[in-house]
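Enquirer: For the sequence shown, full-length UniProt numbering begins at 1 and goes up steadily by one.
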Amino acid sequence: MEISRVIIKKFRSIKKADIWVDSINAIVGQNNSGKSCLLRALNVFFNYEKEESAFVDGVHSFAPRAISKVEIHFENFDENRTPDKYINNNKVMIEAAFQLNAKGCKRTIKYKSGNNWVTDSECIEEIKKQIEFILIPPNRDAKALELMEHSVLQLLVEEKMKEATSARDNYTVKFRHAINHLETNALDKIARDAKAEFPVNKPFDIKIKYSKTISYKDFLSDVSISIEESGLSHPLVECGSGIQSLTIISLYNLLGKARDENIIIGLEEPETNLHPQAQKELIRYFKGLVEKENILQLFFTTHSSQMIDQVDHTEIISFKKELCENRGFITTVNKLPKDFFDKYDLDDFKYYQFHRYRNSDFFFSSHVIVTESKNEVEIIKRIGDAAGFDFETNGLSYLNLEGVDKAKYTIHLLNELEIPFLIILDKDFFVSYLNDDYASSLNTQGFPQYKTEYKDEELIKVLIPNENDRNDVLSKINTNHTAVLNTLEKHNVISMRYSLDLDLVAVRTAQEKYYDLLRLPQDKRNVQELTGMRKGIKRIDRIVSAFESLETSSWPYSYSRIRKMMTKITRELA
Numbered sequence: 001m002e003i004s005r006v007i008i009k010k011f012r013s014i015k016k017a018d019i020w021v022d023s024i025n026a027i028v029g030q031n032n033s034g035k036s037c038l039l040r041a042l043n044v045f046f047n048y049e050k051e052e053s054a055f056v057d058g059v060h061s062f063a064p065r066a067i068s069k070v071e072i073h074f075e076n077f078d079e080n081r082t083p084d085k086y087i088n089n090n091k092v093m094i095e096a097a098f099q100l101n102a103k104g105c106k107r108t109i110k111y112k113s114g115n116n117w118v119t120d121s122e123c124i125e126e127i128k129k130q131i132e133f134i135l136i137p138p139n140r141d142a143k144a145l146e147l148m149e150h151s152v153l154q155l156l157v158e159e160k161m162k163e164a165t166s167a168r169d170n171y172t173v174k175f176r177h178a179i180n181h182l183e184t185n186a187l188d189k190i191a192r193d194a195k196a197e198f199p200v201n202k203p204f205d206i207k208i209k210y211s212k213t214i215s216y217k218d219f220l221s222d223v224s225i226s227i228e229e230s231g232l233s234h235p236l237v238e239c240g241s242g243i244q245s246l247t248i249i250s251l252y253n254l255l256g257k258a259r260d261e262n263i264i265i266g267l268e269e270p271e272t273n274l275h276p277q278a279q280k281e282l283i284r285y286f287k288g289l290v291e292k293e294n295i296l297q298l299f300f301t302t303h304s305s306q307m308i309d310q311v312d313h314t315e316i317i318s319f320k321k322e323l324c325e326n327r328g329f330i331t332t333v334n335k336l337p338k339d340f341f342d343k344y345d346l347d348d349f350k351y352y353q354f355h356r357y358r359n360s361d362f363f364f365s366s367h368v369i370v371t372e373s374k375n376e377v378e379i380i381k382r383i384g385d386a387a388g389f390d391f392e393t394n395g396l397s398y399l400n401l402e403g404v405d406k407a408k409y410t411i412h413l414l415n416e417l418e419i420p421f422l423i424i425l426d427k428d429f430f431v432s433y434l435n436d437d438y439a440s441s442l443n444t445q446g447f448p449q450y451k452t453e454y455k456d457e458e459l460i461k462v463l464i465p466n467e468n469d470r471n472d473v474l475s476k477i478n479t480n481h482t483a484v485l486n487t488l489e490k491h492n493v494i495s496m497r498y499s500l501d502l503d504l505v506a507v508r509t510a511q512e513k514y515y516d517l518l519r520l521p522q523d524k525r526n527v528q529e530l531t532g533m534r535k536g537i538k539r540i541d542r543i544v545s546a547f548e549s550l551e552t553s554s555w556p557y558s559y560s561r562i563r564k565m566m567t568k569i570t571r572e573l574a
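#1: Identify, in the order they occur along the chain, each residue of the same chain with its Cβ nearer than 7 Å to the Cβ of Leu414, setting aside the five sequence neighbours on each side.
#2: Put Phe364 into one of helix, strand or coil per three-state DSSP.
#3: Is DSSP giving Val544 helix, strand or coil here?
#4: Quick one: any contact between the segment 431–447 and the segment 508–522, if contact means 3 or more CB pairs under 8 Å?
#5: So which of Ile134, Ile227, Glu269 and Ser441 has the shortest CA-CA distance to Asn31?
#6: Could you pull the start and end residues of the beta strand (DSSP E) that Val462 belongs to?
#7: Can you give me the start and stop residues for the beta strand (DSSP E) that Ser113 sits inside?
#8: When the Cβ atoms of the segment 11–24 are set against those of the segment 251–260, are three or more pairs found closer than 8 Å?
#9: Roughly how many angstroms lie between the CA atoms of Leu474 and Thr487, to the nearest whole one?
#10: If we call anything under 8 Å between Cβ atoms a contact, is Glu378 one with Val544?
#11: Contact check, Asn37 vs Ser13 under 8 Å by CB: the rounded distance?
#12: Look at the Cβ atom of residue 593, then the Cβ atom of Ile109, and state whether they are nearer than 8 Å.
#13: Taking Asn468 as part of the alpha helix (DSSP H), name the residues at either end of that continuous run.
#14: Nearest to Ile477 by CA position, among Lys427, Leu153, Glu489 and Gly446, is which residue?
#15: Can you give the Cα-Cα distance for His234 and Thr272, rounded to whole angstroms?
#16: In angstroms, rounded to a whole number, what distance separates the CA positions of Asn526 and Gly34?
#17: Run through the DSSP bridge pairs and tell me what Gln297 is partnered with.
#18: With DSSP as the reference, identify every bridge partner of Gly328, one or two as the case may be.
#19: By the three-class DSSP mapping on this structure, what secondary structure does Lys350 have?
#20: Within 10 angstroms of its Cβ, does Ala448 collect 16 or more other Cβ (buried), or is it exposed?
#21: State the start and end residues of the unbroken beta strand (DSSP E) segment that holds Lys69.
#22: So, Thr92 versus Ala41, is the Cβ gap smaller than 8 Å?
#23: Any idea what DSSP makes of Asp84, helix, strand or coil?
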């Protein structure tokens with residue numbers, strides 16, 4: 001049995017979220033965006049007794065008098081162990097609703113039968129015969145860790161002892177022999193001595209013995225774990241949180257095997273106190289667990305781009321904050337659709353080949369700046385410096401495409417996850433060169449000419465959904481760059497007049513700087529010569545020098561538009 005879908009309504013900061021889940025589920029997002037909501041919702045569903053006080057204290061409340069609901073769909077269950085009434089079109093769908101009242105919190109549990117919901121307080125307990133959810137929280141103090149350690153150890157030892165004593169219980173006999181030895185020696189002697197000290201002579205004896213029949217179970221509460229390394233032994237409570245989490249997960253995996261049930265683990269920030277290589281190994285360990293062991297599914301929150309780099313993007317659940325007048329903010333949840341690659345006709349191998357070598361910081365960002373190359377990133381930061389703004393502010397990240405042909409991989413990803421982004425593109429992203437290549441399309445002034453039809457109209461539709469705006473851009477793309485910038489701004493897009501380097505070449509002062517940088521003789525100091533030396537003018541050190549030779553009033557319109565839009569984004573993030 002496994003979870004296939006989770007629907008959350010009015011729980012903590014989530015108004016509504018509908019999430020299909022996988023074996024590995026990496027929960028990412030900005031700080032304080034409500035990432036733990038999913039883990040707590042699962043815990044509320046499976047282990048209500050551990051979360052009831054949080055409801056009563058208002059921690060799980062979305063709004064006063066709101067009814068919180070957690071609906072979970074299960075698939076791949078054992079039909080022989082699942083009552084027929086719960087099975088609905090090869091799924092089991094159960095909803096738990098929670099409402100605060102004068103007496104505390106009222107919980108109502110229902111299962112779906114056909115199109116109707118039927119109240120049944122036992123259905124979750126039936127499900128838990130096949131599947132168990134374990135939440136391992138972050139920042140475990142010594143007491144909390146000790147309780148978790150003792151709990152799983154006691155359960156595990158009990159299960160293992162059941163196996164060992166199923167035919168004959170030799171363990172309890174040995175424990176009783178030890179108790180008898182203690183009673184007939186030390187305890188009987190103490191009893192005789194106590195009688196001798198009795199103040200009056202009475203015709204009775206004193207006996208000291210255990211007040212109940214002892215079995216091996218009475219000794220399990222004091223079992224504990226130590227980690228031994230290089231001849232030294234350390235109690236688990238003194239180890240790093242990474243070792244603690246992995247040890248507890250391993251024990252629950254053993255428990256699942258012993259009970260013949262599947263375990264779902266919820267884990268917050270497992271990367272804490274682990275170095276980057278260990279974080280990568282941790283993900284490989286997680287994948288091995290869900291592929292081969294009784295840990296059937298794993299949900300974890302993370303702030304680590306190292307860990308995100310190791311999972312498929314279809315395994316990422318993105319959480320974001322949205323301002324809300326009534327409660328400060330609400331959390332929105334997004335995940336790539338199951339048919340993501342088919343939907344956009346993307347080659348998954350090429351897609352991951354592109355993204356595997358990019359930093360995944362943008363998954364945690366409030367706003368992403370997409371550029372064609374790292375040259376744009378360098379210039380954007382210098383534009384910020386010149387304007388008196390820090391364009392590396394917290395919550396802002398940069399993603400460079402290293403080629404316009406890779407744009408679709410990023411555009412579709414950010415759109416599906418609803419991560420806000422500004423994209424800065426050369427003109428040849430929108431329309432092709434007039435003669436299909438740069439060199440043969442230069443006009444008499446030395447600048448490239450372009451066609452008047454979109455190169456990839458389907459991708460343009462994603463960036464510019466409004467048909468009138470698309471037509472307006474296309475009609476003016478070769479004649480009125482300012483008008484094009486104005487229209488594109490509505491869609492968080494900037495198009496260079498030509499490109500980052502050529503837009504500078506179009507400015508007289510920058511031309512002179514380029515002549516000096518390239519050490520051109522007087523008879524070759526013309527624009528045609530510069531634009532013909534494309535590799536020379538595209539070098540980032542020369543672009544920077546040419547840019548810094550300009551007064552702000554002389555910047556190309558594209559550069560000024562970058563300043564305007566970046567300043568707006570930076571202010572919004574402040």
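Note that the Cβ used here is the ideal one computed from N, Cα and C, for glycine as well.
In this text, all values refer to a predicted model and were calculated from it rather than measured experimentally.
Expert: By the coordinates alone:
#1: In the sequence shown, the residue the question calls residue 414 occupies position 414. Val368 and Phe421, listed in sequence order.
#2: Taking the first residue of the sequence shown as position 1, residue 364 is located at position 364. Phe364 falls in the helix class under three-state DSSP.
#3: Here the question's residue 544 lines up with position 544 in the sequence shown. Val544 falls in the helix class under three-state DSSP.
#4: no
#5: Along the sequence shown, read from residue 1 onward, the residue named residue 31 stands at position 31. Among Ile134, Ile227, Glu269 and Ser441, the Cα nearest to that of Asn31 is on Glu269.
#6: Your numbering for residue 462 matches position 462 in the sequence shown. Per DSSP, Val462 lies in no beta strand (DSSP E); the unbroken alpha helix (DSSP H) holding it starts and ends at Glu457 to Leu463.
#7: In the sequence shown, residue 113 corresponds to position 113, counting from 1. First-last of the beta strand (DSSP E) with Ser113: Gly104 to Ser113.
#8: In this structure the segment 11–24 does not touch the segment 251–260; the number of beta carbon pairs closer than 8 Å is below three.
#9: Position 474 of the sequence shown, counting from 1, holds the residue named residue 474. Position 487 of the sequence shown, counting from 1, holds the residue named residue 487. Using only the alpha carbons, I get a separation of about 11 Å.
#10: The residue given as residue 378 occupies position 378 in the sequence shown. The residue given as residue 544 occupies position 544 in the sequence shown. Yes; because the gap between Cβ atoms is below 8 Å, this pair is in contact.
#11: Stepping through the sequence shown from its first residue, residue 37 is reached at position 37. Stepping through the sequence shown from its first residue, residue 13 is reached at position 13. The displayed chain sequence assigns Cys, not Asn, to residue 37. So it is a contact: roughly 6 Å between Cβ atoms.
#12: Coverage of the chain is limited to positions 1 through 574, which leaves residue 593 absent and any answer about it impossible.
#13: Translated into positions along the sequence shown, residue 468 becomes position 468. Per DSSP, Asn468 belongs to the alpha helix (DSSP H) from Glu467 to Lys476.
#14: As a working note, residue 477 is residue 477 in the sequence shown. Ranking Lys427, Leu153, Glu489 and Gly446 by Cα distance to Ile477 puts Lys427 first.
#15: Along the sequence shown, one-based indexing puts residue 234 at 234. Along the sequence shown, one-based indexing puts residue 272 at 272. Taking the straight line joining both Cα atoms gives about 19 Å.
#16: Here residue 526 refers to the residue found at position 526 of the sequence shown. Here residue 34 refers to the residue found at position 34 of the sequence shown. If you take the alpha carbons of Asn526 and Gly34, they lie about 58 Å apart.
#17: Sequence index remark: in the sequence shown, residue 297 carries index 297 (1-based). Answer is Ile264.
#18: As a first step, residue 328 is located in the sequence shown; it is residue number 328 there, counting from the start. Cys324.
#19: The residue you call residue 350 lines up with position 350 of the sequence shown. Correct three-state label for Lys350: helix.
#20: As a working mapping, residue 448 is identified with position 448 in the sequence shown. A small correction: the amino acid at residue 448 is Pro; Ala does not occupy that position in the sequence shown. It is buried - the Cβ of Pro448 has at least 16 other Cβ atoms within 10 Å.
#21: Taking the sequence shown and counting its residues from 1, the one referred to as residue 69 is at position 69. Looking at the DSSP string, the run of the beta strand (DSSP E) that includes Lys69 is Ser68 to Glu75.
#22: If you number the sequence shown from 1, residue 92 lands on position 92. If you number the sequence shown from 1, residue 41 lands on position 41. Here residue 92 is Val; the residue named in the question, Thr, does not match the sequence. No, the Cβ-Cβ distance between Val92 and Ala41 is not below 8 Å.
#23: Against the sequence shown, residue 84 aligns to sequence position 84. In this structure, Asp84 counts as helix in the three-state DSSP scheme.
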